[in-house]
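Student: Pasting in a structure now, in structure tokens, and then I'll have a few things to ask.
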Amino acid sequence: MRPNDRKYAQSHEWVKLDGDVAIFGITDFAVQELSNGNESDLVYCDLPDAGRVLCAGETFGEIESVKAVSDLYAPIGGEVLEINAAIEDHLEILSKDPWGAGWIIKVKPESKKLDGLMDAAEYEAFVASKKH
Amino acid sequence: METWRLVTTWNAPPAFNLGLDEALLESLGAPVTVRLYSWKPGALSLGYFQRRADVPAAADARAVVRRFTGGGAIHHQRELTFSIAADAEHPLYRGPIAESYVRVHAALARALADFGVTAELRGERALASERADTGMCFHKSSPLDLVWNERKGVGSAQRRSKGRVLHHGSIKLGTTPLEGDIATLEHVAPGLEPHGFAPALREAIEAHFGVRLVADVPDALERGRAKELAVRFGSREFLERR
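Here it is, written out as structure tokens:
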């Protein structure tokens, strides 16, 4: 079961509220799809500068695996406060710990409402439907 | 039977080629579009994340551009370039990225077999075309790459964006000095031109996927968007973004 302390987007990002900060990451399913199970297959990522204001659904970064470049989408809107510089040179962190050390950016959310996103059970069902 | 679009553009300028591919990627709801094309001049394209300084061959290329797909640099000469754009939920691309590569490469292998070439996925074998520190796509391989004669012969990359996927690839018909000793069709079809390989690829795609390819041109919206995007791909700013 995936963590219940956050919400999930159909594009496989997660968002977790921590006080006045929202933390974005991508799910284990997204990592598996991108890397085909090989952590060394994730090769580059491009992350936004602090201060950039994101709308919900907007592309906030790009990630390259050996075989594809994919966009990263903001699950909610807000202003970028911090990026996880550690992952830029060590993308394998996303494979090892997508829920914790593999967080991608922290934002100041424009709202703490996480409407329209899935909880863990809904996301489990959504991912299961993708496998058929 | 499903109908896919077939767009051919031979000897087109580098920035136009990239602009049209990205316009087809953005074309939400469009039918699956197979594009077959070649380049004039034969440009070297850097992968989206590459630094020009990490590709020594870029200094010797007549033209250099940056792709929006990842991977290594490709010298687009003596090759048929193709792209296949479709919705991410289309059966062609649905599911793991690796499986979509297997599907596309199976169709390419069928076309290559028409020329007597047995192309296979690399798997875990070592290749004679591997080179360190060139930054070139054909000198680095992954298990999903198509190989023959113990060398890499097809370079492939995908871009996935906003519910769409574009798979982009280069099939080497002959060698160029910037790429050297890689797998090509030179030994079975000397001097083969891109448009000479196109019919085999078209038939292989139709047979493998059970579809009908209908020759078409991009619609007005796609053409307009391609023109806009070509400006970016032709700009120094985009080329030097790394």
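Residue numbers (the numbering used here), protein chains in the order written: chain A, 64 to 195; chain B, 447 to 688.
By construction, the Cβ of each residue, glycine as well, lies at the ideal position given by its N, Cα and C atoms.
All of these numbers come straight from a predicted model, not from anything done at the bench.
#1: Pop quiz: B:Gly493 and B:Ala519 are said to be a contact at Cβ under 8 Å. What is the actual Cβ separation, rounded to whole angstroms?
#2: Does the Cβ-Cβ distance between A:Val94 and A:Leu157 come in under 8 Å?
#3: Looking at the structure shown, is B:Leu466 part of a helix, part of a strand, or coil, going by DSSP?
#4: Helix, strand or coil for B:Cys583? Go by DSSP, reduced to three states.
#5: For the putative contact between B:Trp456 and B:His641, defined by C-beta atoms under 8 Å, what is the C-beta separation to the nearest angstrom?
#6: Could you name the residues of the same chain whose beta carbon sits closer than 6 Å to that of B:Ala603, not counting the 5 residues immediately before and after it, in chain order?
#7: Cβ of B:Met447 within 8 Å of Cβ of B:Ala503?
#8: Quick check on this structure: which residue in B:Ala676, B:Ala534, B:Ala557 has the alpha carbon closest to the alpha carbon of B:Ser546?
#9: Please report whether the beta-carbon of B:Phe516 lies at a distance below 8 Å from any beta-carbon of chain A.
#10: Going by DSSP, name the residue or residues bridged to B:Gln604.
#11: Counting only Cβ-Cβ distances shorter than 8 Å, please list the residues of the region 69-90 of chain A near chain B, keeping chain order.
#12: Just to confirm, are A:Val116 and A:Glu142 a CB contact at a threshold of 8 Å?
#13: Quick one, which of B:Ala469, B:Ala499, B:Thr479, B:Trp450 has its alpha-carbon nearest B:Arg688's?
#14: Pick helix, strand or coil for A:Ser172, following the three-state DSSP scheme.
#15: Flag this pair as yes or no: are the beta carbons of A:Cys118 and A:Gly140 separated by less than 8 Å?
#16: For a test of the three-state rule: what should DSSP assign to B:Glu683, helix, strand or coil?
#17: For B:Ala646, which residues in the same chain have their Cβ closer than 6 Å to its Cβ, ignoring the five residues on either side in sequence?
#18: For the region 84-156 of chain A, list the beta strand (DSSP E) runs that are entirely contained and at least 3 residues long, ordered along the chain.
#19: Indicate whether the contact test is met: 3 or more Cβ pairs, each with one atom in the region 581-598 of chain B and one in the region 617-625 of chain B, closer than 8 Å.
#20: So that I know if they touch, is there some Cβ in chain B lying closer than 8 Å to that of A:Asp134?
#21: Just checking my contact of B:Gly465 with B:Ala676 at CB under 8 Å: how many whole Å lie between their CB atoms?
#22: Can you tell me whether B:His551 is helix, strand or coil according to DSSP?
#23: With distance defined between alpha-carbon atoms, name the residue in B:Ser473, B:Leu526, B:Thr564, B:Gly475 nearest to B:Arg648.
#24: Of the residues that make up the region 123-155 of chain A, which ones have a beta carbon closer than 9 Å to any beta carbon in chain B?
#25: Can B:Arg605 and B:Leu471 be called in contact, C-beta distance under 8 Å?
#26: Which word fits B:Arg597, buried or exposed, when buried means at least 16 other C-beta atoms lie within 10 angstroms of its C-beta?
#27: By DSSP's criteria, B:Phe528 is part of a beta bridge. Which residues make up the other side?
#28: Compute the beta-carbon to beta-carbon distance between B:Ala553 and B:Phe655, rounded to the nearest angstrom, for a pair I have assumed lies under 8 Å.
#29: Under 8 Å between C-beta atoms, does A:Glu121 make it to chain B?
#30: Out of A:Glu121, A:His153, A:Ile146, which has the shortest C-alpha to C-alpha gap to A:Ala127?
#31: Of all the options A:Ser133, A:Asn147, A:Gln73, which has the alpha carbon lying nearest to the alpha carbon of B:Ile543?
#32: Assign A:Asn67 to one of two classes, buried (16 or more other C-beta atoms within 10 Å of its C-beta) or exposed (fewer than that).
#33: Do B:Ala469 and B:Ala666 have their CB atoms nearer than 8 Å?
#34: Nearest to B:His551 by alpha carbon, out of B:Ser529, B:Arg571, B:His536?
#35: Can you tell which of A:Val84, A:Phe123, A:Ser103, A:Ser98 has its C-alpha closest to the C-alpha of A:Pro111?
Tutor: The relevant details are as follows:
#1: Position 47 of the second sequence, counted from the first residue, corresponds to residue 493 of chain B. Position 73 of the second sequence, counted from the first residue, corresponds to residue 519 of chain B. Going by Cβ atoms, the distance from B:Gly493 to B:Ala519 rounds to 6 Å, so yes, they are a contact pair.
#2: Here residue 94 of chain A corresponds to residue number 31 of the first sequence, with the count starting at 1. Here residue 157 of chain A corresponds to residue number 94 of the first sequence, with the count starting at 1. It is a contact, given that the beta carbons lie within the stated cut-off.
#3: The residue you call residue 466 of chain B lines up with position 20 of the second sequence. In this structure, B:Leu466 counts as helix in the three-state DSSP scheme.
#4: As a working note, residue 583 of chain B is residue 137 in the second sequence. Here B:Cys583 sits in helix by DSSP.
#5: Indexing the second sequence from 1 puts residue 456 of chain B at position 10. Indexing the second sequence from 1 puts residue 641 of chain B at position 195. Yes, B:Trp456 and B:His641 are in contact; Cβ-Cβ is about 6 Å, under 8 Å.
#6: As a first step, residue 603 of chain B must be located in the second sequence, where it is residue number 157. Within the same chain, B:Ala603 has close Cβ partners Thr515, Gly516, Gly517, His614.
#7: Position 1 of the second sequence, counting from 1, holds the residue named residue 447 of chain B. Position 57 of the second sequence, counting from 1, holds the residue named residue 503 of chain B. No, the Cβ-Cβ distance between B:Met447 and B:Ala503 is not below 8 Å.
#8: Counting from one through the second sequence, the residue named residue 546 of chain B turns up at place 100. The shortest Cα separation from B:Ser546 among B:Ala676, B:Ala534, B:Ala557 belongs to B:Ala534.
#9: For the purposes of this step, residue 516 of chain B is identified with residue 70 of the second sequence, where counting begins at 1. For clarity, residue 516 of chain B is Gly in the given sequence; the question names Phe instead. B:Gly516 counts as touching chain A.
#10: Here residue 604 of chain B refers to the residue found at position 158 when the second sequence is read from its first residue. DSSP output for B:Gln604 lists A:Ala131, B:His613 as bridge partner(s).
#11: none
#12: Here residue 116 of chain A corresponds to residue number 53 of the first sequence, with the count starting at 1. Here residue 142 of chain A corresponds to residue number 79 of the first sequence, with the count starting at 1. Going by C-beta atoms, A:Val116 is nearer than 8 Å to A:Glu142.
#13: For the purposes of this step, residue 688 of chain B is identified with residue 242 of the second sequence, where counting begins at 1. For B:Arg688, the nearest C-alpha among the options comes from B:Ala499.
#14: Along the first sequence, one-based indexing puts residue 172 of chain A at 109. A small fix is needed here, since residue 172 of chain A is Pro in this sequence, not Ser. DSSP places A:Pro172 in strand when its eight states are reduced to three.
#15: Taking the first sequence and counting its residues from 1, one reaches residue 118 of chain A at position 55. Taking the first sequence and counting its residues from 1, one reaches residue 140 of chain A at position 77. Yes.
#16: Here residue 683 of chain B refers to the residue found at position 237 when the second sequence is read from its first residue. Three-state result, B:Glu683: helix.
#17: For the purposes of this step, residue 646 of chain B is taken as residue 200 along the second sequence, with counting starting at 1. Contacts found: Ala557, Asp560.
#18: 84-89, 105-109, 122-128, 131-136, 141-146
#19: yes
#20: Here residue 134 of chain A is taken as the residue at index 71 of the first sequence, counted from 1. By this cut-off, A:Asp134 is an interface position.
#21: Position 19 of the second sequence holds residue 465 of chain B. Position 230 of the second sequence holds residue 676 of chain B. Rounded, the Cβ-Cβ distance is 3 Å, consistent with contact.
#22: Your numbering for residue 551 of chain B matches position 105 in the second sequence. B:His551 falls in the helix class under three-state DSSP.
#23: By one-based count along the second sequence, residue 648 of chain B stands at place 202. Nearest of B:Ser473, B:Leu526, B:Thr564, B:Gly475 to B:Arg648, Cα basis: B:Leu526.
#24: Glu125, Glu127, Ser128, Val129, Lys130, Ala131, Val132, Ser133, Asp134, Tyr136
#25: Numbered from 1 along the second sequence, position 159 holds the residue referred to as residue 605 of chain B. Numbered from 1 along the second sequence, position 25 holds the residue referred to as residue 471 of chain B. In contact: B:Arg605 and B:Leu471 (Cβ atoms closer than 8 Å).
#26: The residue labelled residue 597 of chain B in the question sits at position 151 within the second sequence. Answer is buried; the Cβ neighbour count reaches 16.
#27: Residue mapping note: residue 528 of chain B aligns to position 82 of the second sequence, counting from 1. BP columns for B:Phe528 point to B:Leu482, B:Gly615.
#28: Here residue 553 of chain B is taken as the residue at index 107 of the second sequence, counted from 1. Here residue 655 of chain B is taken as the residue at index 209 of the second sequence, counted from 1. At roughly 7 Å, the Cβ-Cβ gap stays under 8 Å, so B:Ala553 and B:Phe655 are in contact.
#29: For the purposes of this step, residue 121 of chain A is taken as residue 58 along the first sequence, with counting starting at 1. It does not; no Cβ of chain B falls within 8 Å.
#30: Along the first sequence, read from residue 1 onward, the residue named residue 127 of chain A stands at position 64. A quick correction: the sequence has Glu, not Ala, at residue 127 of chain A. If we check each option's Cα against that of A:Glu127, A:His153 comes out closest.
#31: Residue 543 of chain B sits at position 97 when you count from the first residue of the second sequence. When only C-alpha atoms are compared, the closest one is A:Ser133.
#32: Your numbering for residue 67 of chain A matches position 4 in the first sequence. Classification for A:Asn67: exposed.
#33: As a working note, residue 469 of chain B is residue 23 in the second sequence. As a working note, residue 666 of chain B is residue 220 in the second sequence. No.
#34: Looking up residue 551 of chain B in the second sequence gives position 105. When only C-alpha atoms are compared, the closest one is B:Ser529.
#35: Locating residue 111 of chain A in the first sequence gives position 48, counting from the first residue. Comparing Cα-Cα distances from A:Pro111 to each of A:Val84, A:Phe123, A:Ser103, A:Ser98, the minimum goes to A:Phe123.
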